[in-house]
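**Student:** My questions all concern the structure below.
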Amino acid sequence: QYADYALWQRNYLQGEVLAHKLTYWKEQLTGVEALQLPTDYTRPAVQSTQGALVNFHIDTKLSEQLNTFSQRQGTTLFMTLLAAYKVLLFRYSGQSDICVGTPIAGRQQQEVEGLIGFFVNTLALRDQLTGEQSFTEVLQQVKQTTLSAYEHQEVPFEKVVEEVVRERDLSRSP
Numbered sequence: 001q002y003a004d005y006a007l008w009q010r011n012y013l014q015g016e017v018l019a020h021k022l023t024y025w026k027e028q029l030t031g032v033e034a035l036q037l038p039t040d041y042t043r044p045a046v047q048s049t050q051g052a053l054v055n056f057h058i059d060t061k062l063s064e065q066l067n068t069f070s071q072r073q074g075t076t077l078f079m080t081l082l083a084a085y086k087v088l089l090f091r092y093s094g095q096s097d098i099c100v101g102t103p104i105a106g107r108q109q110q111e112v113e114g115l116i117g118f119f120v121n122t123l124a125l126r127d128q129l130t131g132e133q134s135f136t137e138v139l140q141q142v143k144q145t146t147l148s149a150y151e152h153q154e155v156p157f158e159k160v161v162e163e164v165v166r167e168r169d170l171s172r173s174p
């Protein structure tokens, strides 16, 4: 039952375990700055849910090439696409400190795999890009960041925000 999981999580995430995992997130995220992307419009003072949907198709050949490249690099397709996305954000923003939030299933314990419930958490994945690195170097850095975050995924994102973010900007996700 989801209630059992919630109780387990509450009991597990306290004391030394919580302190250790929060220390990791504080070290990873303290001082992170919001990404300043060039936009067509002024950012509203309060974040809205207004947006758009853009559909696109990746053809089979490119998909196979991306999968093959990922396997050769010892990474997942997610890591490869995340690295490419971070390079794109670096190029458009001119900022070297790139932090991207991504959902994670939150079902790392075998006991919860078949349970019905919302276990999803958000991970903030922060990397430093210099413009001097090759793509494979960026990819290996993203891989390490991602794997390390997976090891500390039990801490709810809200708890991380509570500990790390000193002043909220309501026009952005934390």
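For the sequence shown, the UniProt record's numbering assigns the number 1 to the initial residue and increments by one for each residue that follows.
Every residue, glycine too, gets a C-beta built ideally from N, C-alpha and C.
Hey, how far is the Cα of R166 from the Cα of E64?
**Tutor:** If I take the Cα positions, the gap works out to 44 Å.
**Student:** Which residue from R91, Q9, V54, H20 puts its Cα closest to that of Q133?
**Tutor:** Taking the Cα of Q133 as reference, the smallest distance to any Cα among R91, Q9, V54, H20 is reached at R91.
**Student:** Would you kindly work out how many angstroms separate the C-alpha atoms of Q153 and L123, rounded to a whole number?
**Tutor:** So the two alpha carbons sit approximately 7 Å from each other.
**Student:** Within its chain, find whatever has a CB closer than 7 Å to the CB of T76; leave out the 5 residues flanking it on each side and keep chain order.
**Tutor:** Apart from sequence neighbours up to five positions away, the residues of its chain that approach T76 with a beta-carbon distance below 7 Å are S70, ordered along the chain.
**Student:** Starting from V17, trace the alpha helix (DSSP H) in both directions and tell me its first and last residue.
**Tutor:** 15-29
**Student:** Just how far apart, CA to CA, sit Q141 and S148?
**Tutor:** Spanning the two alpha carbons is a distance of roughly 11 Å.
**Student:** Only counting the same chain, and skipping five residues up and downstream in sequence, which positions put a Cβ closer than 8 Å to that of D169?
**Tutor:** A34
**Student:** With a cut-off of 8 Å on the beta carbons, I'd call T130 and S96 a contact; round off their distance for me.
**Tutor:** 6 Å
**Student:** Examine chain B for any beta-carbon lying closer than 8 Å to the beta-carbon of G117, and answer yes or no.
**Tutor:** No chain B is part of this structure, which consists of one protein chain only.
**Student:** Let's see if you can read the secondary structure: which residues bound the beta strand (DSSP E) around A124?
**Tutor:** Segment 121-128, the beta strand (DSSP E) holding A124.
**Student:** Can you tell me which residues form a DSSP beta bridge with T102?
**Tutor:** Looking at the DSSP output, T102 bridges to L123.
**Student:** Whether or not the region 44-52 and the region 106-119 are in contact is what I'm after, with contact meaning three or more pairs of Cβ atoms, one per stretch, closer than 8 Å; do they touch?
**Tutor:** Counting Cβ pairs under 8 Å, fewer than three are found: no touch.
**Student:** Going straight from the alpha carbon of L66 to that of G94, what length do you get?
**Tutor:** 26 Å
**Student:** By alpha-carbon positions, which one of Y24, Y2, A3 ends up nearest to V155?
**Tutor:** Y24
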